[in-house]
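Here's the structure, in structure tokens; my notes come after.
Residue numbers (our numbering): 2 to 330.
Right, dumping it as structure tokens:
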């Protein structure tokens with residue numbers, strides 16, 4: 002059943018405290034700030050200490066005058082979390098699918114976090130790209146990096162660039178301005194654009210660390226937003242200005258934060274992947290400089306109402322292999 006955010010937080014904190022912050026109800030609830038047409042939902046099915054938890058974004062659509070809904074993962078990653086025996090998992094999934102049909106959900110699209118391996122629960126899964134993880138339990142973290150990354154870090158340090166862990170307003174404003182300018186200059190996809198209100202709210206959450214690079218004159222050259230609990234941290238958003246890119250400040254920030262996370266007994270720093278193509282994948286190449294630990298990222302979908310969904314495809318002369326799952330929006 003759908004529950005309110007306070008109960009969802011209670012369940013999440015009790016049963017899934019080491020799961021990525023991308024699944025935390027508080028993180029997910031903020032998505033409405035960025036998209037007023039979406040609605041965060043928290044579905045929980047529970048039997049004693051066995052739990053099915055699914056947090057997602059609901060959108061309402063009308064087709065031929067009939068109201069339907071669809072489901073998408075929040076910004077970042079999603080998909081159900083299940084704690085229990087095999088028979089419970091099967092029962093919980095079947096109950097959820099039946100409930101979704103009763104609620105007139107049309108289709109569901111999720112992006113599974115590579116460290117959770119929750120992509121096998123139900124629906125179709127499609128490999129999307131490689132992703133990189135830093136094992137923070139490595140004894141010599143700096144020496145585990147590729148030489149090209151170590152050179153970049155040393156270069157930044159020679160320029161007397163330092164990092165600051167701070168959410169003072171000037172650091173927050175600098176990051177937001179730099180991030181939005183960078184997205185515009187790259188003509189990035191709309192999924193990478195966020196409102197200033199959303200970015201400010203996310204950065205100021207307790208589970209977020211903002212790490213900024215500052216030169217010897219005190220100028221802010223760039224920053225990275227990390228999502229963090231006591232077990233895992235996710236590299237979430239990053240931006241640097243022209244001078245920051247010249248001095249490779251992102252490499253310095255990731256290293257300094259990784260050392261901080263290691264000292265605080267976190268196990269993994271998840272860096273994510275690059276582009277969803279292997280051609281000239283400079284972003285993936287950059288992240289591979291920090292670690293040889295590669296995990297696979299899958300997207301998945303489940304069609305809850307096949308008759309209506311297939312009719313939509315037929316009407317639009319579309320095929321799954323050639324178009325987005327949620328092609329009608």
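All C-beta atoms in this analysis are idealised placements derived from N, C-alpha and C, irrespective of residue type, glycine included.
Compute the distance between the beta-carbons of residue i and residue j, then report whether it is under 8 Å.
| i | j | result |
| --- | --- | --- |
| residue 165 | residue 298 | no |
| residue 241 | residue 223 | yes |
| residue 212 | residue 162 | no |
| residue 284 | residue 290 | no |
| residue 228 | residue 98 | no |
| residue 9 | residue 156 | no |
| residue 19 | residue 232 | yes |
| residue 160 | residue 216 | yes |
| residue 153 | residue 252 | yes |
| residue 1 | residue 330 | The question about residue 1 has no answer, for the chain in this structure spans 2 to 330. |
| residue 268 | residue 138 | yes |
| residue 236 | residue 294 | no |
| residue 107 | residue 46 | no |
| residue 343 | residue 13 | There is simply no residue 343 to check, as the chain begins at 2 and stops at 330 in what is shown. |
| residue 180 | residue 117 | no |
| residue 44 | residue 82 | no |
| residue 79 | residue 52 | no |
Pick helix, strand or coil for residue i, following the three-state DSSP scheme.
| i | result |
| --- | --- |
| residue 197 | helix |
| residue 159 | helix |
| residue 297 | strand |
| residue 26 | helix |
| residue 146 | coil |
| residue 12 | helix |
| residue 34 | helix |
| residue 327 | coil |
| residue 188 | coil |
| residue 309 | helix |
| residue 183 | helix |
| residue 173 | helix |
| residue 178 | helix |
| residue 319 | coil |
Per DSSP, what are the beta-bridge partners of residue i in this structure?
| i | result |
| --- | --- |
| residue 51 | 48 |
| residue 57 | 42 |
| residue 304 | 108 |
| residue 166 | 212 |
| residue 3 | 44 |
Report task. Kindly provide the ranges of any alpha helix (DSSP H) runs that are 4 or more residues long and lie completely inside the segment 98 to 144, ordered along the chain. Result -> none
**Report entry** Secondary structure, beta strand (DSSP E): runs of 3+ residues fully inside the segment 206 to 287
**Finding:** 209 to 215, 221 to 229, 233 to 241, 269 to 274
Query raised in the report: With contact counted as at least three CB pairs below 8 Å, one residue from each stretch, are the segment 195 to 206 and the segment 133 to 147 in contact?
Result: no
Requested in this report: Scan the segment 60 to 105 and note each continuous beta strand (DSSP E) run of 3 residues or more that stays entirely inside, going in chain order.
Outcome: 67 to 73, 82 to 84
Query raised in the report: Any contact of the segment 87 to 97 with the segment 67 to 78, i.e. 3+ C-beta pairs under 8 Å?
Result: no
Query - Inter-stretch contact (C-beta, 8 Å, three-pair minimum) for the segment 256 to 268 and the segment 295 to 310 - result: no
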